[in-house]
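Chains as they are written, first to last, in our numbering: chain E, 1 to 140; chain L, 1001 to 1410. For each residue, glycine too, the CB sits at the ideal point set by N, CA and C. Note that this is a predicted model, so its numbers are computed, not measured.
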C-alpha cells in the first residue's frame, strides 16, 4: 500500500529556526530517509502559507490569496507540478477544475523536493491479506 | 520538541492578537500588557498540567481579561473608583469572544495595536522600540542591546512612547477602508525601518535578529491582509535581502559588497519564498515601491554570478520606481544600472550632487563613471571624497581598490 504522511507544525516556529537548528533537523531526517531506503517515495517541504494561493473550484473558479482556510472540506489528494510561475500553476489548476469541479485547490510553492527513491512503484496487494488467505491459516 | 517550547511559541504567536483584543477592552496599553503577562503566567502552569487549549489566543484573552477585571475591582474597593470608568465593552459575553476572534475585529485589533506602536506622533526610534516591546514581546534588555543603549535609557524611551500614545487618541471603532489602508501603510513603513535597523548592523547577531523580527511582523501583517500586493512586496523584499546575510561579511566581520559575494552562500529557502511572494503580487497588477524594490532584489537573486545580472531589467525597474517614488538616490541607482547596459551617462547624475553631497555612493559611482570616460584626475578627486564619506571599512576598501587600479594603469 502507498501512504502519504502529511506534516503539520507551527510554521512561525519552524521558519524561524536558525540555519544550525534547521540543518540539525534535516540531518536527523536524512538518517531516517536513508534507513527507509526504497520505502521512501518523493517528499516535499512546502513554503509557508503566506506564499499560498487558493483556487475556489466554483463554476467560475475564483483565485484567492492565501491558504485554503475552510474547515468544511478535507484534504483528499495532491499534485506536484513543475511550471514557469504561479500563473502557469493556476492554469493547470483550472484545467483540473474543469475535469473535477467542487472544493478548492491550494497552490503552494515547494521549498525542497526529495526525489522518489523507489526502484519499483508497482502496487502489490497487502502481504497480510495473502497470508490470511493462505490455506494453512484456515482452522485446524 | 518539549511541551514548554511549544507553549512558549504558542504564547509568542498569540501575543499580537491577544494584546490587541485586550487593548480593545481596556483601552490602555499598560493594562492590556499586564493582563496578557498574567494570562501567559497562568498558561505556563495550566497548559503543562491540562494540555494546550484548542485556541491559545482565545484562552489568553479570556483569562487575561478576567484577571485584569479582578484587579480593577480590587483597586475599585480601595479607591472607590467605579470600574465602569476604566473598562469598556463590559457587556461582551464570553461566548461571543471566539466568534470575534475569527472575524474582522481580530484583524482590526492587531492592526490597531501595530498602528498605535508606530503612531505618527512618535519618532522612528520610539516606534520600533515600542513595537518590539509590545508586539514582539522582547525584553527591555534585549531591545537595549539591539539599539546599543543602556537598559535604563531604553526603559525610559519605551515609557515615553507609551505616555505619548496614551494621549494620542487613537480611535477604537473599526477603521474605514481608507483609514485602514493608511494604517497598513504606516505599519509597513515601521516594519521596513525595523528591518533596516538590523540590516545595517553588520554581523552583530543581537542586532541582526531585528531582521528576523521584522520578517515575522511582515508575515503577521500579510496574514491579516492576504490580498495586499505591497505587503507581499515588502515581505519579499526583506526575505531576499536577508537571504544574503551568510555572504555579506568576511571572517573578520568586514562587509562584502553585493558583486563580490559568494552567491552559493545565499539562503536559497528565503530566496524561494521571496520569489514566490513576488509572483503572487505581480498577479494583482498594482505595482508599488515595495514590489519594485523586491523585484530588483529578485533580479540580483536570480543571477548565479554577478556578471549574469540582468542590468537592463534592473534599469527598467529603477525607472518605474523613479516614477512612483522619485528621489535622488533612486535616480543614482538607475544611472548605475543604465551605465552597466549603455555605458556611463554623467549628465544623469551631475544634477544630483547638491542633494547627495554627503552620500558615499554618489561619489563612488561618479568616480567610476569618470574613470570609464577617461577623466582620471576628476575620478581620483571623487574617490577621495567617497572614502571620506564611507560608512564602513569595506566601503572605503572598495574605493581604494579603484584608486589602486588607477595607480597601476597610470
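Look at the stretch 1264–1277 of chain L: the residues with a C-beta under 7 Å from a C-beta of chain E are 1269, 1272, 1273, 1276, 1277. In this chain, the beta strand (DSSP E) harbouring residue 62/E covers 62–65.
Listed in chain order, the alpha helix (DSSP H) runs fully inside the stretch 1022–1064 of chain L are 1029–1050, counting runs of at least 4 residues. In the structure shown, the three-state DSSP call for residue 56/E is strand. Between residue 111/E and chain L, the shortest Cβ-Cβ separation is below 8 Å. Residue 1249/L sits in a strand when the DSSP states are folded into three classes.
For residue 1290/L, the uninterrupted alpha helix (DSSP H) run begins and ends at 1289–1302, by DSSP. Under the DSSP assignment, residue 105/E falls in the beta strand (DSSP E) whose first and last residues are 104–107. Of the candidates 1271/L, 1245/L, 1274/L, the residue whose Cα lies closest to the Cα of residue 1262/L is 1245/L. Under the three-state reduction of DSSP, residue 46/E is assigned to strand. Here the stretch 1311–1321 of chain L makes contact with the stretch 1337–1356 of chain L; the two share three or more CB pairs at distances below 8 Å. For residue 1199/L, the closest alpha carbon among the candidates 1176/L, 1135/L, 1187/L, 1242/L is that of 1242/L.
When C-beta atoms of the stretch 1122–1137 of chain L are compared with those of the stretch 1147–1166 of chain L, three or more pairs fall below 8 Å, so the two segments count as touching.
At least 8 Å separates the CB of residue 1299/L from every CB of chain E. The residue among 104/E, 63/E, 58/E, 62/E with its C-alpha nearest the C-alpha of residue 71/E is 104/E. For residue 71/E, not one C-beta of chain L is nearer than 8 Å to its own C-beta. Inclusion of residue 1230/L and residue 1192/L in the CB contact set at 8 Å is not warranted, their separation being larger than that value. DSSP, reduced to helix, strand and coil, places residue 113/E within a strand of the structure shown. Of the candidates 1168/L, 1382/L, 1215/L, 1215/L places its Cα closest to the Cα of residue 13/E. Taking 8 Å as the threshold, the shortest C-beta distance from residue 66/E to chain L falls below it. In chain L, no part has a C-beta under 7 Å from the C-beta of residue 58/E; the shortest such distance is about 18 Å. Residues of chain L with a Cβ closer than 9 Å to the Cβ of residue 10/E are, in chain order, 1006, 1009, 1010, 1013. Closer than 8 Å to the CB of residue 86/E there is at least one CB belonging to chain L. In this structure, the CA atom of residue 1197/L is about 16 Å from the CA atom of residue 1138/L.
Close to chain E, meaning a Cβ-Cβ distance shorter than 7 Å, are the following residues of the stretch 1201–1219 of chain L: 1212, 1216, 1219. At least 8 Å separates the CB of residue 1065/L from every CB of chain E. When the beta-carbon positions are compared, residue 1358/L and residue 1382/L stay at least 8 Å from each other.
As the crow flies, the alpha-carbon of residue 1150/L is around 42 Å from that of residue 1335/L. For residue 1279/L, a Cβ of chain E is located within less than 8 Å of the residue's own Cβ. The Cβ atoms of residue 1369/L and residue 1385/L do not sit closer than 8 Å to each other. In the structure shown, residue 1255/L adopts extended strand secondary structure according to DSSP, grouped into three states.
Of all C-beta pairs linking the stretch 1280–1287 of chain L to the stretch 1251–1270 of chain L, fewer than three are shorter than 8 Å, placing the two stretches out of contact. With a cut-off of 8 Å on Cβ pairs, the stretch 1045–1054 of chain L is in contact with the stretch 1005–1018 of chain L, counting three or more such pairs. For residue 1117/L, the secondary structure class from DSSP, reduced to helix, strand or coil, is helix. The criterion of a C-beta distance shorter than 8 Å is satisfied by residue 1117/L and residue 1135/L. By the C-beta criterion, the stretch 19–38 of chain E is judged not to be in contact with the stretch 71–86 of chain E, since fewer than 3 inter-stretch pairs fall below 8 Å.
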